[in-house]
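> There's a structure below that I have some questions on.
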Amino acid sequence: MLNEILLRFAEWLDTHAWSTALHESYYMYSWVESTHVLTLALFFGMLVVIDLRMLGWAFTSVPASTISRRLETPMMIGFAIMVVSGLLLVYAVPVRTTNSIWFRMKMVLFVAAGINALLFRNKMKAAVGSWDKDPIPPKRMRNGAGASLALWSCVVASGRLMAYDWYDCHQSMPYFMYWLAGCVHEMAEFE
Amino acid sequence: MDVFAFFQWLDTSWLASISKAYGGVFAVVQVFHLLAMLTLGGMVLTGDLRLLGVLLKDVPSEVVIEHTQKWFSVALVVLLASGIFMSSAVAIKLYYNSFFWAKMASLAFGIFFVYTIRRPLLRYDHSTINPWTLRLVAVASMTTWFVVAASGRWIGFS
Chain A
1 MLNEILLRFA EWLDTHAWST ALHESYYMYS WVESTHVLTL ALFFGMLVVI DLRMLGWAFT
61 SVPASTISRR LETPMMIGFA IMVVSGLLLV YAVPVRTTNS IWFRMKMVLF VAAGINALLF
121 RNKMKAAVGS WDKDPIPPKR MRNGAGASLA LWSCVVASGR LMAYDWYDCH QSMPYFMYWL
181 AGCVHEMAEF E
Chain B
1 MDVFAFFQWL DTSWLASISK AYGGVFAVVQ VFHLLAMLTL GGMVLTGDLR LLGVLLKDVP
61 SEVVIEHTQK WFSVALVVLL ASGIFMSSAV AIKLYYNSFF WAKMASLAFG IFFVYTIRRP
121 LLRYDHSTIN PWTLRLVAVA SMTTWFVVAA SGRWIGFS
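Structure below.
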């Protein structure tokens with residue numbers, strides 16, 4: 001049911017002239033994709049610095065809250081541009097993206113990483129006056145930082161793997177894989 | 001030096017036999033290449049924006065540079081190792097790609113700049129260095145690594 005709704009929505013987006021124009025524009029599409037990757041460097045780069053501090057692997061002489069507060073703004077600027085450029089990329093290739101296992105995995109990981117970031121942020125705020133100046137933060141913070149790095153790395157990895165067509169709908173796959181990818185037409189052929 | 005001969009050798013090396021035969025291995029290495037590039041970018045931005053007085057103004061710039069340089073080097077090693085592996089899969093194609101050479105030229109300059117100019121200069125007390133020199137170093141560094149990343153991305157488009 002959800003797969004059908006998503007596919008119908010993607011097919012509707014695909015009928016837009018702007019979607020086709022963006023997809024077929026060599027320079028515009030390439031620049032949007034380059035912007036996505038370069039702002040990812042700003043977002044992920046700042047995130048790595050914050051998480052390395054929380055793991056006690058870098059900037060150990062600097063209070064953890066200072067690193068997190070000062071780098072949060074550029075990180076969120078990178079995040080905002082990355083999301084907008086990412087939406088444009090989906091808009092340019094809606095059907096294939098919707099039917100991509102890697103994209104679906106990316107979205108699930110994205111939500112998980114976002115929830116972890118919210119929980120982590122609240123714990124960091126509570127750091128001032130307690131472990132803030134400790135070179136090595138408490139174990140729960142190190143776990144949160146490790147989870148953050150792992151989850152966002154997996155988001156990046158699944159985004160990169162979207163370029164491969166190993167599990168695209170035109171490939172011969174078991175029913176379960178078609179279901180995961182949301183290949184509605186191919187699933188119908190099984191029934 | 002015959003550069004093309006090196007690319008021919010790379011194209012038939014044991015590295016190429018792995019990168020061409022196992023698409024999954026190539027893709028995983030590509031992911032590590034991207035993650036290393038993003039980490040390197042983060043370290044460059046954090047260090048250089050501190051030199052420009054944009055970020056972490058309440059942290060001594062010497063401390064920021066010391067910590068970012070260490071992780072920059074780690075990322076650079078992963079970037080180079082994964083890059084050589086990836087190049088082996090399409091060595092001859094890359095030889096004829098203009099963006100690849102733009103990336104190699106900017107990468108060579110970037111490495112030269114970091115290890116022979118930026119790093120030795122920033123070992124001194126930053127308050128004794130002309131602020132404009134620090135700003136110039138920061139802008140040159142960010143521009144260089146931006147060109148490395150952008151030209152690398154455009155290899156895929158060309």
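Chains as they are written, first to last, in this note's numbering: chain A, 1 to 191; chain B, 1 to 158. Cβ coordinates follow ideal geometry from the N, Cα and C atoms, glycine included.
1. Any C-beta of chain B within less than 8 Å: which residues of the segment 130-149 of chain A qualify?
2. Can you give me the Cβ contacts of A/Met-124 inside the same chain, cut-off strictly under 6 Å, excluding the 5 residues immediately before and after it?
3. Using a Cβ cut-off of 9 Å (strictly closer), state whether B/His-126 contacts chain A.
4. Under a three-way DSSP split, which group does A/Thr-60 fall into?
5. Quick check: the Cα distance between B/Asp-48 and B/Ser-127, rounded to an integer number of angstroms?
6. Is there contact between the segment 133-141 of chain B and the segment 18-37 of chain B, where contact requires at least three CB pairs shorter than 8 Å?
7. According to DSSP, is B/Phe-157 helix, strand or coil?
8. Could you check what DSSP says for A/Met-173 in three-state terms: helix, strand or coil?
9. Please name the residue in A/Thr-39, A/Asp-14, A/Glu-33, A/Phe-44 whose C-alpha comes closest to that of A/Ala-145.
10. Which full runs of the alpha helix (DSSP H) of 4+ residues lie inside the segment 109-139 of chain A, going along the chain?
11. Going by other Cβ atoms of all chains shown within 10 Å of its Cβ, with 16 needed for buried, is B/Gly-23 buried or exposed?
12. For a contact meaning CB atoms closer than 9 Å, what does A/Gly-45 contact in chain B?
13. Using 10 angstroms around the beta-carbon of B/Pro-120, count the other beta-carbons present and answer buried if the total reaches 16, otherwise exposed.
14. With distances taken from CA atoms, which of B/Val-114, B/Trp-101, B/Arg-123 is nearest B/Ala-150?
15. Does the pairing of the segment 58-68 of chain B with the segment 53-66 of chain A give three or more beta-carbon distances under 8 Å?
Concretely, from the data shown:
1. Flagged: no residues at all.
2. Here residue 124 of chain A corresponds to residue number 124 of the first sequence, with the count starting at 1. Within the same chain, A/Met-124 has close Cβ partners Ser-68.
3. Position 126 of the second sequence, counting from 1, holds the residue named residue 126 of chain B. B/His-126 does not count as touching chain A.
4. Counting from one through the first sequence, the residue named residue 60 of chain A turns up at place 60. It is coil, neither helix nor strand.
5. Position 48 of the second sequence, counting from 1, holds the residue named residue 48 of chain B. Position 127 of the second sequence, counting from 1, holds the residue named residue 127 of chain B. Cα to Cα, the separation comes out at about 16 Å.
6. The way I'd put it, the segment 133-141 of chain B doesn't touch the segment 18-37 of chain B; fewer than three beta-carbon pairs between them come closer than 8 Å.
7. Working through the second sequence from its first residue, we reach residue 157 of chain B at position 157. Collapsing the DSSP output to three states places B/Phe-157 in coil.
8. For the purposes of this step, residue 173 of chain A is taken as residue 173 along the first sequence, with counting starting at 1. The three-state secondary structure of A/Met-173, taken from DSSP, is coil.
9. The residue labelled residue 145 of chain A in the question sits at position 145 within the first sequence. It is A/Phe-44.
10. none
11. For the purposes of this step, residue 23 of chain B is identified with residue 23 of the second sequence, where counting begins at 1. The residue in question, B/Gly-23, is exposed, as its Cβ has fewer than 16 Cβ neighbours within 10 Å.
12. On the first sequence, residue 45 of chain A is found 45 positions in, with the first residue counted as 1. Neighbours of A/Gly-45 on chain B, chain order: Leu-38, Thr-39, Leu-40, Gly-41, Gly-42, Met-43, Val-44, Leu-45, Thr-46.
13. Locating residue 120 of chain B in the second sequence gives position 120, counting from the first residue. Exposed.
14. Numbered from its first residue, the second sequence carries residue 150 of chain B at position 150. Checked all of B/Val-114, B/Trp-101, B/Arg-123; the closest Cα to B/Ala-150 is B/Trp-101.
15. yes
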